[in-house]
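Residues in the sequence shown are numbered consecutively from 797, following my numbering.
In this text, a Cβ means the ideal position worked out from N, Cα and C, and glycines have one as well.
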Amino acid sequence: MGVGQMLWLTGLALFSIAVLLIWFVSRRRGEMGLPGGKLISADTERWQRCEREFFSPRYRLVGRPDFVFRERGRLIPVEVKSGSAPAQPYKSHILQLAAYCLLIEETEGRPPPYGIIAYRGKHFRVEYSPALRAELLRVMEEMRGLLKSGAMPEGVLDHRCERCGYNKLCNA
């Protein structure tokens, strides 16, 4: 076998590996429920820290989604949860995703049409509707009122309390 044939076979092998890798990544992305747009930023322990933190002075809110994709010119937040998938996403996870949508709306000047909550083995597309936005603003106002008054709600004392940023202030 000549040098030319070896180079040709090596090139063919590398091309085949690249095609398989692209196919695998695209399939995996679909299984996770991630949109097909361009990845803008990521904030996960396994990957490098997200470069983009979103901030809204108007709502005194700051946050960094796990992933942000650009799809047809719109930013789409993705929140990845490590636990098993529930039948429906938890309300707290929906509100967290809505907060990222609000932050994107404030910083980009237009709201994302939806966001994604990805659990292990299942994902949910959550529409960022005016009703969800209004609910988020109501809950944020309620939380600020509780913090201002010093009256904290009754805790549930479960495993979530250990990682909560307010566990030292809470009545749980």
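Ile913 is positioned such that its CB atom lies closer than 8 Å to that of Glu875. Per DSSP, Ser888 is one residue of the alpha helix (DSSP H) stretching across Lys887 to Glu904. In the structure shown, Pro873 falls within a strand segment according to DSSP collapsed to helix, strand and coil. In terms of Cβ geometry, Ala894 and Leu928 form a close pair [threshold 8 Å]. Between the alpha carbons of Val922 and Gly798 lies a gap of roughly 58 Å. Linking Leu898 to Glu849 through their CA atoms gives a straight-line distance of about 13 Å.
Of the candidates Arg916, Asp954, Ser888 and Gly905, the residue whose Cα lies closest to the Cα of Gly879 is Arg916.
The beta-carbon separation of Glu902 and Arg854, rounded to 6 Å, stays under the 8 Å limit for a contact. Contact annotation, Pro907 with Tyr886: C-beta distance approximately 22 Å; criterion of less than 8 Å not satisfied. Beta-bridge partners assigned by DSSP to Ser925: none are found. Of the other Cβ atoms in all chains shown, 16 or more fall within 10 Å of the Cβ of Val864; this residue is therefore buried. In this model, Ser888 and Glu904 are separated by some 24 Å (Cα to Cα). An exposed status is given to Tyr962, since fewer than 16 other beta-carbon atoms sit within 10 Å of its beta-carbon. The beta-bridge partner set that DSSP reports for Gly911 consists of Val922.
Bounds of the beta strand (DSSP E) holding Glu867 are Phe863 to Glu867.
Around the Cβ of Leu932, a 10 Å sphere holds 16 or more other Cβ atoms; the residue is buried.
Under DSSP, the beta-bridge partners assigned to Val858 are Phe851.
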